[in-house]
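As structure tokens, the structure follows; a few thoughts come after it.
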Amino acid sequence: KSRVSEYTLNPYVGCFHGCSYCYATFIRKFRNIEEKWGDFVIVKINAPEVLRKEIVRKKPKRVFLSTVCDPYQPIEAVYRITRKCLEVFLEFPFLDIEVSILTKSTLILRDIDVFKKMKSLELGVTVTTDKEEIRKIFEPRAPSIEKRLEVLKILKENGLRTYAFVGPMLPMDPENLARRLYRIVDYVLIDRMNYIWKVRKLYEKSGLEYALSDEFFLETKDKLLRYLSELGVRSRYVET
Numbered sequence: 004k005s006r007v008s009e010y011t012l013n014p015y016v017g018c019f020h021g022c023s024y025c026y027a028t029f030i031r032k033f034r035n036i037e038e039k040w041g042d043f044v045i046v047k048i049n050a051p052e053v054l055r056k057e058i059v060r061k062k063p064k065r066v067f068l069s070t071v072c073d074p075y076q077p078i079e080a081v082y083r084i085t086r087k088c089l090e091v092f093l094e095f096p097f098l099d100i101e102v103s104i105l106t107k108s109t110l111i112l113r114d115i116d117v118f119k120k121m122k123s124l125e126l127g128v129t130v131t132t133d134k135e136e137i138r139k140i141f142e143p144r145a146p147s148i149e150k151r152l153e154v155l156k157i158l159k160e161n162g163l164r165t166y167a168f169v170g171p172m173l174p175m176d177p178e179n180l181a182r183r184l185y186r187i188v189d190y191v192l193i194d195r196m197n198y199i200w201k202v203r204k205l206y207e208k209s210g211l212e213y214a215l216s217d218e219f220f221l222e223t224k225d226k227l228l229r230y231l232s233e234l235g236v237r238s239r240y241v242e243t
């Protein structure tokens, strides 16, 4: 169980995206992992079998993918654990389990055929900024902002329910980001930079100290919420 959802599913532990602000680095301590965050991934080979048993036992109403990994990070192209887990959900249509997926990866497009068979599903893409130069500072290994927006566009064109997670909110042009998200998402969730101590030096080195202030976050958040509202896009601030 998790604050994010009734239940969470992590096909992997660790993430090769290695984003600078990621909260999930705590997992290294619990797993006694020496490698730096972003340099290791543990593959849960038996995740589909475990999921099948857990569904029978707990009959979850909502499952979120994922909290300590990106379910579509590059290694998924090899092991296909996420896809196999989605196929397990298809074995239980009578339970009407709501599945929510969040990723930064273009690999999610591979599974559109499976998504179309699922009864209750929403697909999210993390879009922390509209500025590629900012993305390169904080998320150098993750796909570009343009590719992520294209993913949302393609998913929406395929009749799938989509959302954008703007979290943590990085320096951006809120009006431009709102325009870019318009028509390709059903709703938007916004969160702030919660672990400033992890990235303070990166902000300072990049001349972005101003973006660490509460004033910056509140002003940018309010503008983004307002612009989205004017475009008719549902949005809200969440604390994860």
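Every number in the working numbering is 3 more than the matching position in the sequence shown, counting from 1. Using N, Cα and C, we set each Cβ at its ideal position, and we do this for glycine too. Note that the structure is predicted; figures quoted are calculated from it, not measured.
Cβ-Cβ distance between residue i and residue j below 8 Å
i: residue 154; j: residue 128; result: yes
i: residue 72; j: residue 17; result: yes
i: residue 91; j: residue 55; result: yes
i: residue 194; j: residue 172; result: yes
i: residue 126; j: residue 180; result: no
i: residue 8; j: residue 65; result: yes
i: residue 170; j: residue 192; result: yes
Neighbour flag for residue i against chain D, beta carbons, 8 Å
i: residue 242; result: Annotation note: the requested chain D is absent from the structure, which comprises a single protein chain.
Proximity test, residue i beta-carbon vs the ligand SAM heavy atom, cut-off 7 Å
i: residue 193; result: Because no ligand of any kind appears in the structure shown, any question about the ligand SAM cannot be addressed here.
Per DSSP, the bridge partner or partners of residue i
i: residue 101; result: 65
i: residue 192; result: 168 and 239
i: residue 45; result: 16
Inter-residue Cα distance where the pair is residue i and residue j
i: residue 239; j: residue 201; result: 25 Å
i: residue 24; j: residue 214; result: 14 Å
i: residue 162; j: residue 152; result: 16 Å
i: residue 26; j: residue 121; result: 30 Å
i: residue 34; j: residue 230; result: 43 Å
i: residue 70; j: residue 233; result: 32 Å
i: residue 77; j: residue 148; result: 17 Å
i: residue 86; j: residue 79; result: 8 Å
Reference residue i, options the options, closest by Cα
i: residue 140; options: 12, 120, 21 and 10; result: 21
i: residue 197; options: 13, 110 and 220; result: 220
i: residue 145; options: 15, 19 and 94; result: 19
i: residue 2; options: 36, 41 and 68; result: Residue 2 is absent from the structure shown; the chain starts at 4 and stops at 243.
Taking the runs of the beta strand (DSSP E) that are 3 residues or longer, which of them lie wholly in the segment 116-152? 124-129
Please list the segments of the alpha helix (DSSP H) lying wholly inside the segment 185-233, counting only runs of 4 or more residues, in order along the chain. 199-208 and 217-233
Beta strand (DSSP E) runs contained entirely in the segment 11-40, provided each spans 3 or more residues: none
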